[in-house]
Amino acid sequence: MKKSQLRISMALSVLVFVSACTGEKKPAPALTYTEGTPRVQIPLSPEDSQKHIQLPEGFTAELFAAEPNIINPIAFTWDERGRLWVVQSKDYPHGLSNDVGGDRITICEDTDGDGEADKFIDFATDQSLSTGITVVKGGVIVAQAPEMVFLQDTDGDDKMDKRTVLFDGFGTFDTHAGPSSLRYGLDNAIWGSVGYSGFENQFNGAPVNFKMGVYRFGKDGSFLEPVGQFNNNTWGLGFNENFEIFGSTANNNHCCYVGIPLKHYDYLGKMPSWAQNADFIQGHYEITPVDTIPLQQVDVRGGYTAASGANFYTARNYPEQYQNQMYVSEPTGHLVHIAKIIKDGAGYKEVDGGNIFASTDAWTAPVFAETGPDGNIWVADWYNPVIQHNPDKRGMENQIWNADKGEGNAHINKLRDYGHGRIYIIRYKDADESEIEKLERGDDQTLLAALQSDNMFWRTTAQRLIVEDKRTALIPELIALVEDDGKTDKNGLNTGALHALWTLDGLGALNGSNASADAAVVAALSSSSYAVKRAAISLLPETVEGSTLLAKSGLLTDADIQVRLAAVLKAAELPESGELYTEMEKVSKDPSNVDDKWLKAATKIYFRELDYETVAAASVDILVPSAADKKVEWRYTEDRPADDWMSTSFNDTSWKKGESLFGSTNTEETKTKWTSKNIWLRRTVTISEELTEPVLKISHDDDYEVFVNGSLLMEEKGASGDYKYLRLNEDKGKLFKKGENVIAVHCRNTGGEQYIDLGIGKIGKIKADVTLTLNTVSQEMAFDKKILHAKAGQTIEIKLNNKDQMPHNLVVVQKDNLEFFGPLVDSFVTKPEAEEMGYVPNSRYVLGATEMLGPGESGSVIIKLPDTPGRYPFVCTFPGHWRMMQGEIIVTAPASDGSGDTDV
296 MKKSQLRISM ALSVLVFVSA CTGEKKPAPA LTYTEGTPRV QIPLSPEDSQ KHIQLPEGFT
356 AELFAAEPNI INPIAFTWDE RGRLWVVQSK DYPHGLSNDV GGDRITICED TDGDGEADKF
416 IDFATDQSLS TGITVVKGGV IVAQAPEMVF LQDTDGDDKM DKRTVLFDGF GTFDTHAGPS
476 SLRYGLDNAI WGSVGYSGFE NQFNGAPVNF KMGVYRFGKD GSFLEPVGQF NNNTWGLGFN
536 ENFEIFGSTA NNNHCCYVGI PLKHYDYLGK MPSWAQNADF IQGHYEITPV DTIPLQQVDV
596 RGGYTAASGA NFYTARNYPE QYQNQMYVSE PTGHLVHIAK IIKDGAGYKE VDGGNIFAST
656 DAWTAPVFAE TGPDGNIWVA DWYNPVIQHN PDKRGMENQI WNADKGEGNA HINKLRDYGH
716 GRIYIIRYKD ADESEIEKLE RGDDQTLLAA LQSDNMFWRT TAQRLIVEDK RTALIPELIA
776 LVEDDGKTDK NGLNTGALHA LWTLDGLGAL NGSNASADAA VVAALSSSSY AVKRAAISLL
836 PETVEGSTLL AKSGLLTDAD IQVRLAAVLK AAELPESGEL YTEMEKVSKD PSNVDDKWLK
896 AATKIYFREL DYETVAAASV DILVPSAADK KVEWRYTEDR PADDWMSTSF NDTSWKKGES
956 LFGSTNTEET KTKWTSKNIW LRRTVTISEE LTEPVLKISH DDDYEVFVNG SLLMEEKGAS
1016 GDYKYLRLNE DKGKLFKKGE NVIAVHCRNT GGEQYIDLGI GKIGKIKADV TLTLNTVSQE
1076 MAFDKKILHA KAGQTIEIKL NNKDQMPHNL VVVQKDNLEF FGPLVDSFVT KPEAEEMGYV
1136 PNSRYVLGAT EMLGPGESGS VIIKLPDTPG RYPFVCTFPG HWRMMQGEII VTAPASDGSG
1196 DTDV
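All you need for the numbering used here is the position in the sequence shown, starting with 1, plus 295.
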């Protein structure tokens, strides 16, 4: 069977299955197409298109609004009256230089209760590049790159009459990589996502530079905090009901979990090599469309190449298996996917939950799905035959794109549609009607009741209204909600207590001014609800008292590993009391914490571990020997020296001289006896070269700090046992200078044996016979050279500079084997472990590979070429790239003089 026939057969099988799940229904209206090439489907009416939607058994998709009232819906939200606010974007993707913007924000309302909108109010017109929206008091905050703006209605007529720029800094060179997914967080901040256009600005004099991922900011625009760094274009942010942070990227990583926010690495200035921040937890590669025509895709073909939205179903109308799961739209597959989220150690993983919405209409393009005030998922259907922003038709049949690009870095296409758009509501049979239809400001008892609603939309909205209106009179009743531990449901949620805690914080009641509120937080540390316990940990005061409370709570050693993670991260923000240190010592020695990647990283954060990685001894060239390498003499003292003991100008002539290793035991290795609690060492050494990535060779028991020329090189707590080799970063290499350097060491014994010795080295590098350079071409999915030249048997280094906005690598393949390796890559990248392996399979065809390089990064690979001349392919193995990003190394016999050889 031909591949195309197989695909159609499989799609039809899925269609039959899904149709059967929805019960008896009439056949969907026939699809018609234009003549010629490309063959493009003709659009359907909203009513006919609705009949092409396939859903699980018991679900229906009902039309709420459509053209001409709604066109190109890109985002939506609701206000406290339950009214839908839709961003209609005609500016996307080319509208950068319009004098008058083509976007509008429309309030849609169902006034007669028939399930369809019948009242439409244009709140704001003539807007530009609007891609995200959330409601706040007096109006809406809207993402309009390069700006984040507050569109205000000052007189209550549902018309915007004031526009305030909160801040700017979002990139605009690519309009499908800007800010999106705005939402009000339980922490009373506004959250959002941004793609690879990135963000750059200053707040209170401090620069904020952020490539792509998720962030939070103040409603008044006073700060912006990057939270999760993702690895490619980001168009999704979601919270589960525990207020844990998830997201999605357009390309391949459709499910991401942020376990450790970026702020925890601020003490280093950047993420270290051992960091855990955003984990790409997707459990599968493929999408499962029910379409029977070729998908219009680029990059990740057959997978997620335009994933958008990462919203959770956070109500109770649907059966339990659909609750608190993530829903990701994939418009090129005409579907909304169920990303089933499962606990995995201190983090999470995703498994394929199928689809909740899929269509056989090629124009149907879900771009956003969110839980509404009625307890159902609402879907924005962009309804357009052209979805991909910067496509490339190479290797694809029946594509409707071209390579010509306009403003916003998007390809120009006359088939882009600016006249259609639909909003659907996915309902489940026999679901109860929402008990809340709207909330009124000032109706205190209704607001308190709404904090306990089974729909997170109403809980968060009630919280927002109380905080915005500063309803401090409700503090006693909010405290009572926190203290009521008897309302934890079967899912482990006590929603009233959770939202009451964050509402108290938003009202300023947890700043130490209200003893009863502070006591409620302490009581919540013992809650039967994980979410409440986690919130209480976050809200502990950052004082010595907070340290004592956390140390005594038992949460650092809690049986729930996810509670432990929250507690350790909080401990890292608190003053280090004796009690807290003792508990953290237990944490660091617990094998279950060491074995979990999240807790391992969190523990390193607590102990302020620096940026290094352990390397093999065989890979290190020693420059400054340790006692294990040769006889080494140091100046030392066991009496506390002056504060400038580590500086280059310090006079250490009064210190004793001793041979290393220094220790307390009578062993052959111990050359100088050290018996007191502390020892200070100094030594002047000569280094004949500049160090970019120094290696610290060290054996220690217990805590130590090493200084080079007066600056801290490295510090650690605990003991090492044998020597370990720590490769430090480039910034640490700058502490060394060519010539004389002063190394100063302090070691402190915390109990038991004690010893210290160290040396300095560098990573030994295989010398390449020739170095070749490649660049990726921005937005072209190509290398800048197709042909490289080398000699058989040579050791070559290929340097790759990634100048694109997507991740790329370079993999060199055995000659004449690309036809086998390529399909192997296609299969491999669908496996869960592929992302962790940089999308490079452990294949005998691979001669060598760089790491997967993010935008703006560089890397290299050193390869000893085989002795056999021939054409050796090189490719990028990021999903969907190898067919387009490839070239060859032409390897000739050594006898050839190579005259005229050039890299092209």
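All C-beta atoms in this analysis are idealised placements derived from N, C-alpha and C, irrespective of residue type, glycine included. A quick note: this is a predicted structure, and the numbers were derived from the prediction, not measured.
What first and last residue would you give for the beta strand (DSSP E) that runs through residue i?
i, result
"GLY427", "425 to 431"
"LEU820", "Careful: LEU820 lies outside any beta strand (DSSP E) and carries neither H nor E."
"ILE721", "717 to 723"
"LYS1033", "Taken as a continuous stretch (DSSP letters only), LYS1033 belongs to no beta strand (DSSP E), as it is neither H nor E."
"ILE856", "No beta strand (DSSP E) contains ILE856, which is instead part of the alpha helix (DSSP H) from 856 to 866."
"ASP421", "414 to 422"
"THR979", "973 to 982"
Using DSSP's beta-bridge definition, name the partner residues of residue i.
i, result
"TYR1020", "LYS992"
"GLN447", "GLY434 and LYS457"
"TRP486", "ARG478 and ARG511"
"TYR562", "In the DSSP output, where bridge partners are listed per residue, TYR562 has none listed."
"TYR1050", "GLY958 and ASP996"
"ILE540", "PHE534 and VAL553"
"THR1066", "GLU1092"
"ILE672", "THR666 and ILE721"
"ASN806", "Partner(s): none; ASN806 has no beta bridge."
Quick test of your reading: residue i and residue j, contact by CB under 8 Å. State the CB separation rounded to the nearest angstrom.
i, j, result
"LYS385", "ASN367", "6 Å"
"TYR719", "TRP673", "7 Å"
"LEU1021", "LEU986", "Not really, about 13 Å apart at Cβ, beyond 8 Å."
"THR909", "LYS1019", "6 Å"
"VAL1135", "ASN1104", "7 Å"
"TYR723", "TYR613", "5 Å"
"ILE974", "PHE1002", "That belief does not hold up - the Cβ atoms of ILE974 and PHE1002 are roughly 14 Å apart, past 8 Å."
Do you know offhand how far residue i's Cα is from residue j's?
i, j, result
"GLY598", "TRP940", "59 Å"
"GLN447", "VAL430", "10 Å"
"SER1015", "ASN888", "18 Å"
"HIS281", "GLY787", "With the chain represented from 296 up to 1199, any question about residue 281 goes unanswered, as that position is not in the structure."
"LEU461", "ARG754", "26 Å"
"THR1187", "VAL1108", "16 Å"
"ASN393", "GLU495", "A caution first: ASN393 carries a pLDDT of 45, below 50, which makes its placement in the model unreliable, though a value can still be read off. Going by the C-alpha atoms only, they are around 23 Å apart."
"LEU310", "GLY649", "Any reading at LEU310 needs caution, since the residue's pLDDT is 39, under 50, leaving its predicted position unreliable; the model's value is listed next. Whole-angstrom Cα-Cα distance: 13 Å."
"GLY397", "VAL503", "30 Å"
"VAL595", "MET1147", "16 Å"
"GLY318", "GLU357", "Only weak support is given to the placement of GLY318: the predicted model assigns it a pLDDT of 46, under 50, and the value that follows is read from those uncertain coordinates. In a straight line, the C-alpha of GLY318 is about 16 Å away from that of GLU357."
"VAL1170", "ALA1144", "9 Å"
"GLY1195", "PRO1189", "Confidence is the limiting factor: at GLY1195 the pLDDT is only 41, short of 50, which leaves the residue's position unreliable, though a coordinate-based value still follows. Approximately 15 Å, taken between the alpha carbons."
"THR1068", "GLN349", "50 Å"
"THR838", "LYS1159", "57 Å"
"GLU1183", "LYS1081", "6 Å"
"SER994", "PHE902", "18 Å"
"VAL291", "GLY451", "Any question about residue 291 goes unanswered here, given that the chain covers just 296 to 1199."
"LEU834", "LEU905", "27 Å"
"HIS471", "GLY427", "12 Å"
"VAL395", "LEU424", "Per-residue confidence for VAL395 stands at a pLDDT of 47, beneath the threshold of 50, marking its modelled position as unreliable; the derived number appears in the next sentence. Distance between the alpha carbons of VAL395 and LEU424 is about 11 Å."
"LYS414", "THR401", "10 Å"
"ALA601", "LEU1030", "45 Å"
"LEU1023", "PRO567", "10 Å"
"CYS316", "ASP409", "Its pLDDT being 40, under 50, CYS316 is placed unreliably by the model, and the measurement read from it follows with that caveat. Taking the straight line joining both Cα atoms gives about 26 Å."
"GLU411", "VAL1072", "48 Å"
"PRO1174", "TRP677", "26 Å"
Within the 8 Å Cβ cut-off, does residue i reach chain D?
i, result
"GLU411", "Checking the listed chains, one finds no chain D in this structure; it contains a single protein chain."
Just curious, the alpha helix (DSSP H) that residue i is in, first and last residue?
i, result
"ASP800", "790 to 801"
"VAL1186", "VAL1186 -> not in any alpha helix (DSSP H); beta strand (DSSP E) instead, spanning 1181 to 1187."
"ILE770", "770 to 778"
"GLN1109", "Where GLN1109 is concerned, there is no enclosing alpha helix (DSSP H), given that its DSSP letter is neither H nor E."
"THR756", "751 to 763"
"PRO341", "341 to 345"
"GLU840", "839 to 848"
*Enumerate, from N- to C-terminal direction, the unbroken beta strand (DSSP E) stretches of 3 or more residues contained entirely within the stretch 868 to 923.*
907 to 909 and 915 to 919
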